Amino acid sequence: MALKPIIIPVASGKGGVGKSFLTANLAMSLAAMGHRTLAVDLDLGGANLHGFLGLPNRYPGIGDFLKAKRGELADLRVPTPFENLEFLPGDGKTPFMANISYTQKRKLIPRLRRLPAEYILLDLGAGTTFNTLDFFNLSPLGILVTVPEHHAVMNMLAFLKNFLLRVIERSVGRNHAIRNMLRDAMKQPLEDQTSSISQLVAVISKEDPEAGKKITAACRRYRPRMVFNEGEHPDDLNFSAQITQSLRQILSLEADYFGFVFFDSAVRKAVRSQTPFLPNFPQSPAALAIGRIAERIVKYWQTPIPDSAALLMDRVRKDFAPTSKSRKKKQVSTGRSGGLR
Ligand SMILES: Nc1ncnc2c1ncn2[C@@H]1O[C@H](COP(=O)(O)OP(=O)(O)OP(=O)(O)O)[C@@H](O)[C@H]1O
Ligand SMILES: [Mg+2]
Numbered sequence: 000m001a002l003k004p005i006i007i008p009v010a011s012g013k014g015g016v017g018k019s020f021l022t023a024n025l026a027m028s029l030a031a032m033g034h035r036t037l038a039v040d041l042d043l044g045g046a047n048l049h050g051f052l053g054l055p056n057r058y059p060g061i062g063d064f065l066k067a068k069r070g071e072l073a074d075l076r077v078p079t080p081f082e083n084l085e086f087l088p089g090d091g092k093t094p095f096m097a098n099i100s101y102t103q104k105r106k107l108i109p110r111l112r113r114l115p116a117e118y119i120l121l122d123l124g125a126g127t128t129f130n131t132l133d134f135f136n137l138s139p140l141g142i143l144v145t146v147p148e149h150h151a152v153m154n155m156l157a158f159l160k161n162f163l164l165r166v167i168e169r170s171v172g173r174n175h176a177i178r179n180m181l182r183d184a185m186k187q188p189l190e191d192q193t194s195s196i197s198q199l200v201a202v203i204s205k206e207d208p209e210a211g212k213k214i215t216a217a218c219r220r221y222r223p224r225m226v227f228n229e230g231e232h233p234d235d236l237n238f239s240a241q242i243t244q245s246l247r248q249i250l251s252l253e254a255d256y257f258g259f260v261f262f263d264s265a266v267r268k269a270v271r272s273q274t275p276f277l278p279n280f281p282q283s284p285a286a287l288a289i290g291r292i293a294e295r296i297v298k299y300w301q302t303p304i305p306d307s308a309a310l311l312m313d314r315v316r317k318d319f320a321p322t323s324k325s326r327k328k329k330q331v332s333t334g335r336s337g338g339l340r
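Just so you know, we're using numbering that gives the first Met the number 0 here: the sequence shown kicks off at 0 and counts up by one.
So, in structure tokens, the structure goes:
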């Protein structure tokens, strides 16, 4: 019997932080390491993963599958020029599929789980629509991408808050009083959040002890992996202690610091020339950082990484030193101040 695939959803609170870029390049990296990999475009309504893989947008995809009465999702996989890597298009020839129905989602999710591959990477849309939250729930160990800026980090935490509230909502069945309470909590910005997830669970447990137990067990399963993209300097990771504290205190959640990718002008060059980044700029700072994330996926995906913030900081400092020296030598000039290109 074939082994169950490892599903890696890639999400973010804020848009435009590099989800599609990272999904495509992590998929290429895992495939180049010899792993049978599938990159899936689940940003229905804004599908553009094909571009980062250097593929045209002319194949039917998930949108067409959801509209069709027959056919199998797996048959829509498209070969790529890269050994071990296949692609499953999103909107395909059926655009405007952002608001898929509950029935369509029930048709899609079990089939996504059964796709034939060792690693399945899911490029999700930005934000916290229920569909995105439910796709993120395809694994308890998804990747969250953020740029290392206050606003984007707050959006990442808000994504996780709404994700947990959605998980809780799905565990409480038809209890309307609890559901209304959760919907209200979803509307509150993180800064105005009057109660933490654990306080909320305590209130629910009082009303329905069985539901309380179920929720606590469900929430314990999650351990997101954070990737910081477009970083400029190791100091960008200085707020990791604050992030860890917010995750613990407000969300009762542990997360791993899984990667840091430098802002790299080579990425823009690849995007402009519509060529895939990794094979064309394999020695650039962003490519090396993506290779490291792929290695971490293979080695540590199923296990927590103790002290991951300190480990990542150490790695980023080492990577920054030689690159900044060579940068001085070459006198590279760029449009943004400071940091690495
Ligand atoms: N490390 C990087 N260095 C330089 N530019 C980058 C880097 N990562 C991403 N970019 C640029 O940022 C742009 C946005 O990236 P991308 O489309 O992957 O974001 P996204 O999170 O998928 O956006 P959306 O929320 O719209 O789906 C890309 O076109 C790319 O040029
Ligand atoms: Mg995208």
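A virtual CB, placed ideally from N, CA and C, is assigned to each residue, including glycine. Remember, it's a predicted structure, so these values are computed and weren't measured experimentally.
{"Check": "Check D90 in the structure and name its three-state DSSP category.", "Outcome": "coil"}
{"Check": "For G258, which residues does DSSP report across the bridge?", "Outcome": "V226"}
{"Check": "Which term fits E71, buried or exposed, when burial requires 16 or more other beta carbons within 10 angstroms of its beta carbon?", "Outcome": "exposed"}
{"Check": "Alpha carbon to alpha carbon, what distance is there between N154 and V226?", "Outcome": "14 Å"}
{"Check": "So, helix, strand or coil for P233, using DSSP?", "Outcome": "helix"}
{"Check": "What residues come near ligand 1, if near means a beta carbon less than 7 Å from any of its heavy atoms?", "Outcome": "S11, G14, G15, V16, G17, K18, S19, F20, L21, D42, G45, N47, F51, D122, G124, A125, V144, N228, E229, V260, F261, F262, D263, S264, V266, R267, V270, A285"}
{"Check": "As a quick exercise: from L311, P305, R316, I296, pick the residue whose alpha carbon is nearest that of T22.", "Outcome": "I296"}
{"Check": "At the level of alpha carbons, what is the spacing between G17 and L54?", "Outcome": "18 Å"}
{"Check": "How would you label P4, buried or exposed, when you count the other beta carbons within 10 angstroms and need 16 or more for buried?", "Outcome": "buried"}
{"Check": "Could you check where the alpha helix (DSSP H) with D263 kicks off and where it finishes?", "Outcome": "From DSSP, D263 is part of no alpha helix (DSSP H); its letter is neither H nor E."}
{"Check": "Give the range of the beta strand (DSSP E) segment to which P8 is assigned.", "Outcome": "5–10"}
{"Check": "To the nearest angstrom, how far is the alpha carbon of A176 from that of S138?", "Outcome": "28 Å"}
{"Check": "What's the call for H149, buried or exposed, on a 16-neighbour Cβ count within 10 Å?", "Outcome": "exposed"}
{"Check": "So if DSSP puts T145 in a beta bridge, which residue, or which two residues, is it bridged to?", "Outcome": "F227"}
{"Check": "Given T131, which residues of its chain have a CB within under 7 Å of its CB, disregarding the five upstream and five downstream residues?", "Outcome": "A10, L123, G124"}
{"Check": "Using 10 angstroms around the beta-carbon of G15, count the other beta-carbons present and answer buried if the total reaches 16, otherwise exposed.", "Outcome": "exposed"}
{"Check": "Taking only the alpha-carbon atoms, compute the straight-line gap between Y221 and K92 and give it to the nearest angstrom.", "Outcome": "35 Å"}
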